[in-house]
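Q: Below you will find the structure I want to go over with you.
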Amino acid sequence: MNPTTLPQIESGYRCENGAVRERNEDACLLFKAELGGHFALRPLGLYAVADGMGGEREGHVASNAAIRAFAEYVLTNLYFPLLRRRAPREADLLDALERGVFAAHDAVTSESLNGRAHAGPDGADGVSGNGGTTLTAGLIFGRRLYVAHVGDSRAYLWAGDELRPLTEDHSLVRRLQETGRLSADEAHNFQYRNVLLQALGQNGALTADTFALDLPAAGKLLLCSDGLSGFVAVEEIAAVLSGDGTAQQLADRLYEAAMDAGGHDNISALVVTFVF
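Written as structure tokens, this is what we have:
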């Protein structure tokens with residue numbers, strides 16, 4: 103395989119406190135692997151954003167545990183077999199992502215229980231057990247994108263001068279809009295707009311959205327927490343992604359846009375540019 107024919111995949115990110123929060127409860131993952139030579143492998147990229155919840159004692163622990171456990175599972179069960187020349191089927195890829203989400207859920211639950219067991223009466227020395235996190239991940243392998251999603255962090259695809267949302271929020275406000283009980287204007291100021299119906303580490307049955315799609319010849323993938331998507335208009339996000347620059351420069355501009363909007367929450371913007 104001629105290396106010049108391999109996909110060109112680059113990434114950059116910002117994962118910051120914002121202007122108000124004292125602790126960053128977001129976590130981000132960027133991983134790309136290439137193997138050159140006569141038996142070259144197509145590049146593989148794994149990217150994820152997690153937005154922790156539960157207050158300053160829990161959120162950062164939950165998001166960190168989720169990201170690490172998810173990456174460990176996917177790389178162990180997907181990338182390492184690739185090194186042994188075991189080509190995965192599409193069903194294997196989607197299954198690995200879904201099982202990775204549940205491994206992350208178990209890790210968050212374990213962290214919460216361990217923290218609660220070692221905490222003082224007010225939880226001052228550990229996790230209270232109420233921590234949870236979103237998780238939105240994208241895996242690029244060949245010219246296919248595989249997505250796993252729980253919560254209200256988001257994935258967008260920019261291609262052909264159009265910004266396409268790939269994920270749907272697992273939130274109460276979205277459910278009320280779907281059932282016609284809340285208008286778009288009412289949703290913006292809804293008292294419980296941050297309540298999630300699905301999150302890792304929380305009680306109840308967990309389901310993850312997983313799907314795959316073909317990627318265009320060139321484009322940009324954005325994964326972000328609601329510190330960006332909740333305060334910066336989608337039109338402004340599209341305007342940034344339509345511009346020139348490296349993946350890191352685009353991530354920096356998105357971060358600045360969220361800060362210009364007040365920086366009210368932790369801000370994560372992970373941008374992947376690709377050309378096939």
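Residue numbers for the sequence shown follow the numbering used here, beginning at 103 and rising by one. Backbone N, C-alpha and C define an ideal beta-carbon position, used for all residues, glycine too. Note that the structure is predicted; figures quoted are calculated from it, not measured.
Quick check on DSSP: helix, strand or coil for residue 321?
A: Start at 1 with the first residue of the sequence shown, and residue 321 comes out as number 219. It is a strand residue.
Q: Quick check on residue 201: does DSSP put it in helix, strand or coil?
A: Locating residue 201 in the sequence shown gives position 99, where the first residue counts as 1. Helix.
Q: What would DSSP say about residue 367, mapped onto helix, strand or coil?
A: Within the sequence shown, numbered from 1, the residue matching residue 367 stands at position 265. Residue state, collapsed to three classes: coil.
Q: Who are residue 118's beta bridge partners in DSSP?
A: By one-based count along the sequence shown, residue 118 stands at place 16. 369, per the DSSP bridge assignment.
Q: Exposed or buried, residue 186, counting other C-beta atoms within 10 Å across all chains shown (16 or more means buried)?
A: In the sequence shown, counting from the first residue as 1, residue 186 sits at position 84. Exposed, since its Cβ has fewer than 16 Cβ neighbours within 10 Å.
Q: Compute the beta-carbon to beta-carbon distance between residue 235 and residue 303, rounded to the nearest angstrom, for a pair I have assumed lies under 8 Å.
A: Within the sequence shown, the letter at position 133 stands for residue 235. Within the sequence shown, the letter at position 201 stands for residue 303. With a Cβ gap of about 6 Å, residue 235 and residue 303 count as contacting.
Q: Do the stretch 256-270 and the stretch 172-181 meet, that is, are 3 or more Cβ pairs less than 8 Å apart?
A: Taking 8 Å as the limit for Cβ pairs, the verdict is that the stretch 172-181 does not touch the stretch 256-270.
Q: Roughly how many angstroms separate the alpha carbons of residue 169 and residue 362, rounded to a whole number?
A: Position 67 of the sequence shown, counted from the start, is the residue given in the question as residue 169. Position 260 of the sequence shown, counted from the start, is the residue given in the question as residue 362. Each residue's alpha carbon lies about 28 Å from the other.
Q: Quick check on residue 370: buried or exposed, where buried means 16 or more other Cβ atoms within 10 Å of its Cβ?
A: As a first step, residue 370 must be located in the sequence shown, where it is residue number 268. Residue 370 is buried by the Cβ-count criterion.
Q: In angstroms, rounded to a whole number, what distance separates the CA positions of residue 114 and residue 211?
A: Your numbering for residue 114 matches position 12 in the sequence shown. Your numbering for residue 211 matches position 109 in the sequence shown. Cα to Cα, residue 114 sits roughly 30 Å from residue 211.
Q: According to the neighbour-count rule (16 or more other Cβ atoms, all chains shown, within 10 Å of its Cβ), is residue 139 buried or exposed?
A: On the sequence shown, position 37 is the one that residue 139 refers to. Label assigned to residue 139: exposed.
Q: What do you get for residue 110, buried or exposed, if any count of 16 or more other CB atoms within 10 angstroms of its CB means buried?
A: The residue given as residue 110 occupies position 8 in the sequence shown. By the 10 Å Cβ count, residue 110 comes out exposed.
Q: If you drop the 5 nearest sequence neighbours on each side, which residues of the same chain put their C-beta closer than 6 Å to that of residue 315?
A: Locating residue 315 in the sequence shown gives position 213, where the first residue counts as 1. Same-chain partners within the cutoff: 247.
Q: How about residue 127 and residue 154: do their beta carbons lie closer than 7 Å?
A: The count along the sequence shown starts at 1 and reaches residue 127 at position 25. The count along the sequence shown starts at 1 and reaches residue 154 at position 52. It is a contact, given that the beta carbons lie within the stated cut-off.
Q: Given 8 Å as the limit, is there contact between the stretch 248-257 and the stretch 307-324, that is, 3 or more CB pairs closer than that?
A: As far as the Cβ criterion goes, the stretch 248-257 touches the stretch 307-324, which means the pair count is three or higher.
Q: Tell me where the beta strand (DSSP E) around residue 419 begins and ends.
A: Residue numbering for the chain in the displayed model covers 103 to 378; residue 419 lies beyond these limits and cannot be assessed.
Q: One question on the structure: do residue 213 and residue 150 come within less than 7 Å of each other, judged by their Cβ atoms?
A: The count along the sequence shown starts at 1 and reaches residue 213 at position 111. The count along the sequence shown starts at 1 and reaches residue 150 at position 48. Not in contact: residue 213 and residue 150 (Cβ atoms no closer than 7 Å).
Q: Is residue 112 helix, strand or coil when you go by DSSP?
A: Stepping through the sequence shown from its first residue, residue 112 is reached at position 10. Three-state DSSP puts residue 112 in a strand.
Q: In three-state DSSP terms, what is residue 161?
A: To locate residue 161, count along the sequence shown from 1; it is residue 59. Helix at residue 161.
Q: Is it buried or exposed for residue 271, if we count other Cβ within 10 angstroms and need 16 for buried?
A: Translated into the one-based positions of the sequence shown, residue 271 becomes position 169. Flag for residue 271 reads buried.
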